[in-house]
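Participant: After the structure tokens below, expect a handful of questions from me.
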Amino acid sequence: MIVTSGGLNQQRTGIVDAVVAARILNATLIVPKLDQTSFWKDASNFSEIFDVDWFISNLSKDVKIVKELPEIGGKPRTPHRMRVPRKCTQRCYLNRVLPALLKKHAVRLTKFDYRLANRLDTDLQKLRCRVNYHALRFTGLIEEMGEKLIQRMRGRSKYFIALHLRFEPDMLAFSGCYYGGGERERKELGAIRKRWKTLHVSNPDKGRRQGRCPLTPEEVGVMLRALGYRNDVHIYVASGEIYGGASTLAPLKALFPNLHTKETISSKEELAPFSKYSSRMAALDFIVCDGSDAFVTNNNGNMAKILAGRRRYFGHKRTIRPNAKRLYPLILNRRNMSWDAFSSKVRMFQKGFMGEPRELRPGRGEFHENPSTCICEKTDGKTAAKSNSQIERGSSNGAERGIAISEPAVPNYTDEEAGRSEAEEDASAGREETFDAEADDDALLRPEDPELEGILSD
Numbered sequence: 001m002i003v004t005s006g007g008l009n010q011q012r013t014g015i016v017d018a019v020v021a022a023r024i025l026n027a028t029l030i031v032p033k034l035d036q037t038s039f040w041k042d043a044s045n046f047s048e049i050f051d052v053d054w055f056i057s058n059l060s061k062d063v064k065i066v067k068e069l070p071e072i073g074g075k076p077r078t079p080h081r082m083r084v085p086r087k088c089t090q091r092c093y094l095n096r097v098l099p100a101l102l103k104k105h106a107v108r109l110t111k112f113d114y115r116l117a118n119r120l121d122t123d124l125q126k127l128r129c130r131v132n133y134h135a136l137r138f139t140g141l142i143e144e145m146g147e148k149l150i151q152r153m154r155g156r157s158k159y160f161i162a163l164h165l166r167f168e169p170d171m172l173a174f175s176g177c178y179y180g181g182g183e184r185e186r187k188e189l190g191a192i193r194k195r196w197k198t199l200h201v202s203n204p205d206k207g208r209r210q211g212r213c214p215l216t217p218e219e220v221g222v223m224l225r226a227l228g229y230r231n232d233v234h235i236y237v238a239s240g241e242i243y244g245g246a247s248t249l250a251p252l253k254a255l256f257p258n259l260h261t262k263e264t265i266s267s268k269e270e271l272a273p274f275s276k277y278s279s280r281m282a283a284l285d286f287i288v289c290d291g292s293d294a295f296v297t298n299n300n301g302n303m304a305k306i307l308a309g310r311r312r313y314f315g316h317k318r319t320i321r322p323n324a325k326r327l328y329p330l331i332l333n334r335r336n337m338s339w340d341a342f343s344s345k346v347r348m349f350q351k352g353f354m355g356e357p358r359e360l361r362p363g364r365g366e367f368h369e370n371p372s373t374c375i376c377e378k379t380d381g382k383t384a385a386k387s388n389s390q391i392e393r394g395s396s397n398g399a400e401r402g403i404a405i406s407e408p409a410v411p412n413y414t415d416e417e418a419g420r421s422e423a424e425e426d427a428s429a430g431r432e433e434t435f436d437a438e439a440d441d442d443a444l445l446r447p448e449d450p451e452l453e454g455i456l457s458d
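All residue numbers for the sequence shown refer to the UniProt record's numbering, where the first residue is 1 and numbers rise by one.
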């Protein structure tokens, strides 16, 4: 048995890894118990979010899965509770968990998030992919509503972008970043930050320079315009509470007037079965983001990583992650150069952050973001893997790799053309610019504070 932790997408990683852990231990898996008590406070169980019967049957040749822990003599069995270390290896499970399982016959692994190593044997990595991309699907009710939202976006435009925007007050307070809001911003976010006694004093400027702060909505909009997206493109925004509300979103809306959310393209009655449950609402956003022609994110959270990996697996559909470390100083100084010069530099710096094939080296970053073991590339560099859901969603506009005819082309500059002038970039000259997602994730997810991890989890 395992108990997941965090928001929907962090729990998803736990579910995937639980199946693999059961395979390592040659054990029966009880349908995972979802986190119902932490920051997100969603009382949904597994079968209310995921298709549990499909999950069990699809994986029947890999792992035996049952819905409930069998009773002994008509009485409930109490499993032995334990927690495994973060990124526990195969040997770790065999040395730590298997002896307890053999002795107690039932174990309950608590707070099961990132409890399995990133690098595993090939057969186990491929099992991870089977679980994540084929066995783990949402309930019919959620899938149906998600598809309605996609079709409504397509009714407005054949090509649309989905933007996952993390700019909640809690998220910004924890990050310690500063966005130019003066004393009011420092006071408001500082008050929230005091809730976590273990956080050290932040250095806002350093965080921004190092690319560890989410881009603002306006900065995301400026990046997209520089990449060649016109102001008539339609954008679906998946987000929680935005710090600053409408005033923070106003600059993005000025750049791209056609902004939509699930609330603006559906009725309250349609959303009623989902609106009181954060994970179900997040599932709807996940489906629309997955079905978009281009997925854009301003953060490196779990949803961004899982969708990036999924879109790689199903044909390298366009996925744009800001190269925040390079873009921040550029955006800060954009008034000092022509728009053409600024746009050219943005395109250069975004090389390696656009979702192209072979963008990340095999084994780099979190496996959920870069499932390289599972991606079989043909000689033309296109991915062979396909699925019914991807065919239904991802290729409705007839565009291969999720790129519509109207999408702006982003050239693949060489490192020399990208003009790497910073000393730290010179030190890595000749190497492909890639994003080490795993390193960043460790820095954010090391704390064990449940509320803190909940805020970061999606």
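All C-beta atoms in this analysis are idealised placements derived from N, C-alpha and C, irrespective of residue type, glycine included.
Return the bridge partner residues of ILE265 from the DSSP annotation.
Facilitator: The partner list for ILE265 (beta bridge, DSSP) is empty, contrary to what the question assumes.
Participant: Under the rule that 16 or more other beta-carbon atoms within 10 Å means buried, what is ALA191, buried or exposed?
Facilitator: Under this definition ALA191 is an exposed residue.
Participant: Can you give me the C-alpha to C-alpha distance between VAL107 and ILE56, rounded to a whole angstrom?
Facilitator: So the alpha carbons of these two residues sit roughly 20 Å apart.
Participant: Taking Cβ positions, are ILE355 and THR319 nearer each other than 8 Å?
Facilitator: Reading off the sequence shown, one finds Gly at residue 355, where the question assumed Ile. Yes; because the gap between Cβ atoms is below 8 Å, this pair is in contact.
Participant: Which of helix, strand or coil does DSSP assign to TYR236?
Facilitator: TYR236: strand per DSSP, three-state reduction.
Participant: Are the CB atoms of THR4 and LEU34 nearer to each other than 8 Å?
Facilitator: Closer than 8 Å, so yes.
Participant: Quick one, which of MET1, ASN9 and VAL20 has its alpha-carbon nearest LEU124's?
Facilitator: Closest by alpha carbon: VAL20.
Participant: What would DSSP say about PHE353, mapped onto helix, strand or coil?
Facilitator: DSSP places PHE353 in coil when its eight states are reduced to three.
Participant: Rank ASN26, LEU25, GLY182 and ARG209 by C-alpha distance to the C-alpha of ILE331 and give the top, closest one.
Facilitator: Nearest C-alpha to ILE331: ARG209.
Participant: Excluding sequence positions up to five away, which residues of its chain have a Cβ less than 8 Å from the Cβ of PHE349?
Facilitator: ASN323, ARG326, LEU327, LEU330 and ALA418, listed in sequence order.
Participant: Roughly how many whole angstroms lie between the Cα atoms of ASP170 and HIS234?
Facilitator: The straight-line gap from Cα to Cα measures roughly 28 Å.
Participant: Are the CB atoms of ASN9 and MET303 nearer to each other than 8 Å?
Facilitator: Cβ distance < 8 Å, so ASN9 and MET303 count as in contact.
Participant: Helix, strand or coil for THR89, going by three-state DSSP, please let me know.
Facilitator: Coil.
Participant: Contact check, ASP51 vs THR139 under 8 Å by CB: the rounded distance?
Facilitator: So it is a contact: roughly 6 Å between Cβ atoms.
Participant: Is the region 143 to 158 touching the region 216 to 223, taking contact as three or more C-beta pairs under 8 Å?
Facilitator: Segments in contact, no.
Participant: Enumerate in chain order the residues of its own chain whose CB-to-CB distance from HIS260 is below 6 Å, with the five nearest sequence positions on each side excluded.
Facilitator: Closer than 6 Å at the Cβ level, and outside the excluded window around HIS260, lie TYR236.
Participant: Can you give the beta carbon distance from ARG321 to THR297, rounded, assuming they're within the 8 Å contact cut?
Facilitator: With a Cβ gap of about 6 Å, ARG321 and THR297 count as contacting.
Participant: Tell me the rounded alpha-carbon separation between LEU189 and ASP113.
Facilitator: Cα to Cα, LEU189 sits roughly 27 Å from ASP113.
Participant: Thinking THR193 and GLY182 are a contact (beta carbons under 8 Å), I'd like their distance in whole angstroms, please.
Facilitator: According to the sequence provided, residue 193 is Arg. The question's Thr does not apply to it. Not confirmed; about 17 Å, so no contact.
Participant: Which same chain residues, not among the five before or five after PRO204, have their C-beta less than 7 Å away from its C-beta?
Facilitator: These residues qualify, in order along the chain: GLY176, CYS177 and TYR178.
Participant: Are the Cβ atoms of THR110 and ARG81 separated by less than 8 Å?
Facilitator: Cβ distance < 8 Å, so THR110 and ARG81 count as in contact.
Participant: Of the choices ARG96, GLY74, GLU168 and LEU101, whose alpha-carbon is the least far from that of ALA246?
Facilitator: Nearest option by C-alpha distance: GLU168.
Participant: Specify, as a first and last residue, the run of the alpha helix (DSSP H) that ARG280 falls within.
Facilitator: Run containing ARG280: 278 to 291, per the alpha helix (DSSP H) assignment.
Participant: Work out the CA separation of ALA254 and ARG130 for me, nearest whole Å.
Facilitator: Cα to Cα, ARG130 sits roughly 42 Å from ALA254.
Participant: Tell me the rounded alpha-carbon separation between LEU271 and LYS104.
Facilitator: Their Cα atoms are separated by approximately 44 Å.
Participant: Checking 8 Å against the spacing of the C-beta atoms, do ILE150 and ASP293 come in under that value?
Facilitator: No, these two residues do not count as a Cβ contact at 8 Å.
Participant: Please go through the region 34 to 89 and give each complete alpha helix (DSSP H) segment of 4 or more residues, from N-terminal end onward.
Facilitator: Taking only runs of at least 4 residues, the alpha helix (DSSP H) segments lying wholly in the region 34 to 89 are 46 to 49 and 52 to 58.
Participant: Considering only residues of the same chain and omitting the five flanking positions on each side of TYR243, which have a CB-CB separation below 6 Å?
Facilitator: Cβ within range, chain order: PHE167, PRO169 and LEU172.
Participant: Going by DSSP, which residues form a beta bridge with ALA294?
Facilitator: Answer is ILE161 and ARG318.
Participant: If you follow the beta strand (DSSP E) that LEU120 is in, where does it begin and where does it stop?
Facilitator: Taken as a continuous stretch (DSSP letters only), LEU120 belongs to no beta strand (DSSP E), as it is neither H nor E.
Participant: Beta-carbon separation of THR373 and LYS87 under 8 Å?
Facilitator: For THR373 and LYS87, no; Cβs fall outside 8 Å.
Participant: Can you grab the Cα-Cα spacing for the pair LYS317 / ARG77, in whole Å?
Facilitator: When rounded, the distance between both Cα atoms is 46 Å.
Participant: Here's the rule I'm using: 16 or more other beta-carbon atoms within 10 Å means buried, otherwise exposed. How should ASN333 be labelled?
Facilitator: Exposed, since its Cβ has fewer than 16 Cβ neighbours within 10 Å.
Participant: Please state the DSSP three-state secondary structure of HIS260.
Facilitator: Three-state DSSP puts HIS260 in a strand.
Participant: In whole angstroms, what is the alpha-carbon distance linking ILE2 and PHE256?
Facilitator: Spanning the two alpha carbons is a distance of roughly 44 Å.
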